[in-house]
Amino acid sequence: DASEHYMYSPTPSSSKDFSTTCTISFWFKIGNIKQGYLAGAFYGSNARYNLIQINASGQLQENGRVGGASTSTGSGGTEWITTRVFRDPSAWYHAVFVWDTTNTVQSERFKLYINGVRETDFATNPTFGASELVYWFGKSSYTTLGAYFNGTGYGDTLYWDGYMAEMHGVDGTALDQNSFGEFNSSGIWTPKDYTGSHGTDGFYIKG
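If you're matching positions, the sequence shown starts at 465 in this note's numbering and goes up one per residue.
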């Protein structure tokens, strides 16, 4: 809907630390072409967050706060923006976002797969520090689908106008596209059942 979000997750225990390793997988289909948030995790003030959106230019974009700690706000941010645009309202797309800031190789600390293929062409080129915190699934961080939300008084906005399905949030494990999909005999990327764990505060939404 143009003015509704889908859900806020039950918030994790305030004693659970933020993560350095996690995976978000989902299928999406665009309704009206406009800026909208597909998913986000927001802790405390606006200084600790990760979010996924289609921006106003139709690019798929991941934003995150960096330079912070479990008890302090971040000092900078990342902004991964695809070069390609997503403007076909008839198509279903599958996206897998993977964070593993414990990886010793800088280029492997963030990965994005679209329809079974790793995305390598980005309009931006940010970096993650070693063991940089990711704010999905940690402390009292809200996970929100379909809108911007902040638990300290910011209003809901930037509503997603479209569809989402088969959404997996995997807390504590860096997976790849093959955990969630496969190519059929015609070479078309299709969903498959995920059989692994979702971790301590992960989730699955069939949609």
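Ideal placement from N, C-alpha and C gives every residue a C-beta, glycine not left out. It should be emphasised that the depicted structure is a prediction, and the values quoted were computed from it without experimental measurement.
Beta-bridge partners of residue i, as assigned by DSSP
| i | result |
| --- | --- |
| N519 | N519 is not bridged to any residue. |
| I545 | Q525 |
| Y627 | K493 |
| W600 | In the DSSP output, where bridge partners are listed per residue, W600 has none listed. |
| N514 | A505, G528 |
| G500 | I518 |
| F586 | T546 |
Close-in-space but distant-in-sequence residues of the same chain around residue i (CB under 6 angstroms, 5 per side omitted)
| i | result |
| --- | --- |
| I669 | M631 |
| A629 | W491, G671 |
| Y627 | K493 |
| S571 | none |
Secondary structure of residue i, DSSP reduced to three states
| i | result |
| --- | --- |
| S483 | strand |
| E526 | strand |
| N642 | helix |
8 angstroms CB neighbourhood of residue i in its chain, flanking five on each side removed
| i | result |
| --- | --- |
| T485 | W563, D564, T565, T566, V598, G636, T637, A638 |
| Y501 | L515, I516, Q517, T608, G610, A611, Y612, L622, Y623, W624 |
| Y658 | S489, H632, S643, F644, Y668 |
| G495 | P553, D625, G626, Y627 |
When the options are compared against residue i, the one with the closest alpha-carbon
| i | options | result |
| --- | --- | --- |
| R573 | T664, A520, N589, G602 | N589 |
| Q525 | A559, F647, G663, S661 | A559 |
| V581 | D640, A594, W544, T568 | D640 |
| Y577 | R548, W600, T542, Y501 | R548 |
| G504 | A520, F586, F667, N527 | N527 |
| G541 | A587, Q570, T591, A520 | T591 |
| W600 | S661, W556, D665, T584 | D665 |
| F482 | Q499, P655, V569, E596 | E596 |
| N519 | Q499, F506, K480, Y606 | Q499 |
| R529 | G593, G663, T584, G651 | G593 |
Own chain, CB closer than 7 angstroms to residue i, minus 5 neighbours either side, in chain order
| i | result |
| --- | --- |
| W653 | H558, N579, G580, G645, F647 |
| I497 | G522, R551 |
| K575 | V562, R582 |
| F586 | W544, I545, T546, T547 |
Residue i CB to nearest heavy atom of the ligand FMN below 6 angstroms
| i | result |
| --- | --- |
| E583 | With respect to small molecules bound, the structure shown includes none, and the ligand FMN cannot be examined in it. |
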